[in-house]
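Reading through the structure tokens given below for one structure.
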Amino acid sequence: MNCQTVQHKILSLADPRHVPEALLTHVAECPGCRAWAEQVARLEGLLEQLPVPPAPNDKKSQLIDELTREGATATLLVAPPRSRSTGSGATTLRMFFQRNATLIGGLAAALLLALGAWWSFSGKNGQPNITASTPNHPFLEEMVEFNVALAKADTPAKKLQVIGMGATNISSQARSLSRVVGPEDLQAIARWFDSVVKAELLRQAEKLSPQAMTPKELKDEFGALAAKLGTTATETEKMLNEVSPEAKPALQRIVDTARDGQKKLADLARAKGV
Amino acid sequence: LIVARVLLLLVTFAALATWAGAQAPPAPLTAAEQAKLFKLDRALLDNLINQSIDLADADNPLKRAEECRKTSLTLGNYLERAAKDEQDPDRVAELADLLGKVVREGLTHNLELGKQLFPPGSPDAARLNAVREHAATDLDALKNTIPEGKIADNAKVKAALARLAELKAALAK
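Which chain is which? The protein sequence lines are A and B, in order. Using this note's numbering, you'd call the opening residue of the first sequence number 1 and step up by one each time. Using this note's numbering, you'd call the opening residue of the second sequence number 275 and step up by one each time.
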């Protein structure tokens with residue numbers, strides 16, 4: 001128990017002049033708390049000595065008379081007796097609405113919420129609505145986009161750009177899933193990255209004839225792809241210290257593939273004379 | 275008057291909330307959702323990566339159209355599985371839309387390019403035409419793979435299948 005706790009407990013005692021045993025041990029040994037307890041006890045004693053004017057004997061009956069006399073504030077708060085014979089139906093209804101505005105407003109809000117919930121969660125045939133279940137898979141969409149972009153790429157240069165993006169997306173997926181999926185799943189992603197870099201990127205880079213682009217375009221294209229692979233390797237390498245030991249081999253494979261691809265692209269660029 | 279004000283305020287608030295909800299982008303996936311979807315789609319993703327290697331190697335519109343048809347067939351198989359085994363209308367609609375994308379943007383694009391490239395009556399033109407007819411038949415057959423009931427009656431699935439039917443009609447022209 002620290003000093004602050006002890007002092008709060010003393011302050012909350014009904015009579016702080018009588019400190020219980022549980023607190024006494026600390027108070028006896030702590031000069032600060034002892035001084036505090038003494039001060040609070042003195043204050044309690046002084047409060048007792050403050051003069052309080054005595055109430056007159058008939059004060060209570062005077063107060064009751066004041067509260068119950070005709071026209072007093074207290075009587076206004078009492079609802080007047082309801083009479084069926086006085087006022088029209090509309091007036092009665094209006095008075096009812098006025099008196100119960102909060103309750104009616106609350107009921108209306110609850111009704112609206114219930115309608116909203118029913119509308120959101122039920123289809124035309126009472127089936128669960130689509131928005132309530134399986135979300136779309138962004139990575140699946142990316143890979144379909146990757147295939148569609150490859151189908152539209154009609155030159156090796158365009159294919160290279162598309163494949164570079166595809167490789168980046170796959171490595172990014174590996175990093176984002178590295179803490180949530182098992183090592184087998186991560187190995188699958190590393191294998192895909194390997195295929196895309198080796199079987200697609202480097203193969204297309206080899207196919208690229210020097211006539212397809214100017215030497216500067218070729219140099220820029222290879223440079224951009226090598227830079228992308230370099231960034232992939234660096235970013236994935238950074239994650240190696242943040243993942244479980246089981247996840248490391250897959251990420252290391254991505255790092256190695258990216259570094260190897262970077263080196264081979266540089267070699268290819270040299271071989272093509274750029 | 276008070277009640278009318280409260281009701282007006284609530285209706286306005288509900289309308290605004292509905293509008294704002296419709297504008298908001300879909301919430302990002304949680305880690306658990308990412309992991310679940312990855313496991314669910316791992317085999318399909320594996321197929322798509324392998325097909326991307328073949329697509330990268332395809333060096334003319336005919337080969338690319340043939341590869342696109344293979345990709346659409348793969349997506350169709352998974353769509354059928356989602357409809358029959360998983361009974362998941364969202365996934366059926368998602369896969370139908372992805373399949374539509376492959377046919378509309380990949381296959382049709384290469385069919386048009388091939389039409390311009392291969393002379394009418396040439397073997398390549400005939401093969402290209404066969405790809406077009408097969409793709410149209412595939413799309414037609416797809417709606418028969420959706421079982422009656424929960425999946426077929428789902429509004430999102432109906433809309434996705436209607437888009438595929440339009441695509442099939444365009445292919446058949």
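We put the beta carbon where it would ideally sit given N, CA and C, even for glycine. No experiment lies behind these values; they were computed from the predicted model shown.
| Asked | Found |
| --- | --- |
| Please classify A153/A as buried or exposed, where buried requires at least 16 neighbouring CB atoms within 10 angstroms. | buried |
| Measuring only the C-alpha atoms, how far is A429/B from R437/B? | 12 Å |
| Report yes or no: do three or more beta-carbon pairs, one from the stretch 360 to 367 of chain B and one from the stretch 132 to 139 of chain A, lie closer than 8 Å? | yes |
| Quick one: residues in its chain with C-beta nearer than 6 Å to the C-beta of R84/A, no 5 flanking neighbours on either side, listed in chain order? | Confidence at R84/A is low in this model, with a pLDDT of 46, below 50, so its placement is unreliable and the value that follows should be read with caution. Contacts found: none. |
| Count the other C-beta atoms from every protein chain shown that fall within 10 angstroms of the C-beta of P335/B, then say buried if there are 16 or more, exposed otherwise. | buried |
| Residues in the same chain with beta-carbon distance under 8 Å from A332/B, minus the five sequence neighbours each way, listed in chain order, please. | R338, E340, E341 |
| Where do the ends of the alpha helix (DSSP H) carrying V431/B lie? | 429 to 446 |
| Is it buried or exposed for L150/A, if we count other Cβ within 10 angstroms and need 16 for buried? | buried |
| Taking DSSP as the reference, what is the three-state secondary structure of S195/A? | helix |
| Who are the Cβ neighbours of M213/A in its own chain at under 8 Å, not counting the five residues just before and after it? | A157, E221 |
| Chain B partners of D185/A, CB-CB under 9 Å? | A309, F312, K313, R316 |
| Mapping the DSSP letters down to three states, classify M165/A as helix, strand or coil. | helix |
| Report back the beta-carbon spacing between L318/B and S346/B to the nearest angstrom; my notes put them in contact at under 8 Å. | 13 Å between Cβ atoms; not a contact. |
| Could you tell me which chain B residues have their CB closer than 7 Å to the CB of N136/A, listed as they occur along the chain? | E368 |
| Specify, as a first and last residue, the run of the alpha helix (DSSP H) that F146/A falls within. | 138 to 152 |
| Tell me, to the nearest whole angstrom, how far the beta carbon of K344/B is from that of Q325/B; I am working on the premise that it is less than 8 Å. | 6 Å |
| Would you kindly work out how many angstroms separate the C-alpha atoms of V196/A and K442/B, rounded to a whole number? | 32 Å |
| State the Cα-Cα distance for the pair A439/B and N418/B, rounded to the nearest angstrom. | 12 Å |
| Give a yes or no on whether the minimum CB-CB distance between G105/A and chain B is below 9 Å. | yes |
| Straight-line CA distance for A289/B to L281/B? | 12 Å |
| So with CB distances below 9 Å, who are the chain A contacts of A383/B? | For the sequence presented, residue 383/B should be read as His rather than Ala. Those are V148, A151, K152, listed as they occur along chain A. |
| At a Cβ threshold of 9 Å, is G123/A touching chain B? | A caution first: G123/A carries a pLDDT of 43, below 50, which makes its placement in the model too unreliable to give a value. |
| Helix, strand or coil: which one does DSSP assign to I254/A? | helix |
| Alpha carbon to alpha carbon, what distance is there between S12/A and V78/A? | Here V78/A scores only 46 on pLDDT, less than 50, and its place in the model is too uncertain to base an answer on. |
| Would you call the stretch 155 to 174 of chain A and the stretch 383 to 395 of chain B touching, i.e. three or more CB-CB distances under 8 Å? | no |
| Name the residue from P393/B, V431/B, L303/B whose alpha carbon lies nearest to the alpha carbon of L369/B. | V431/B |
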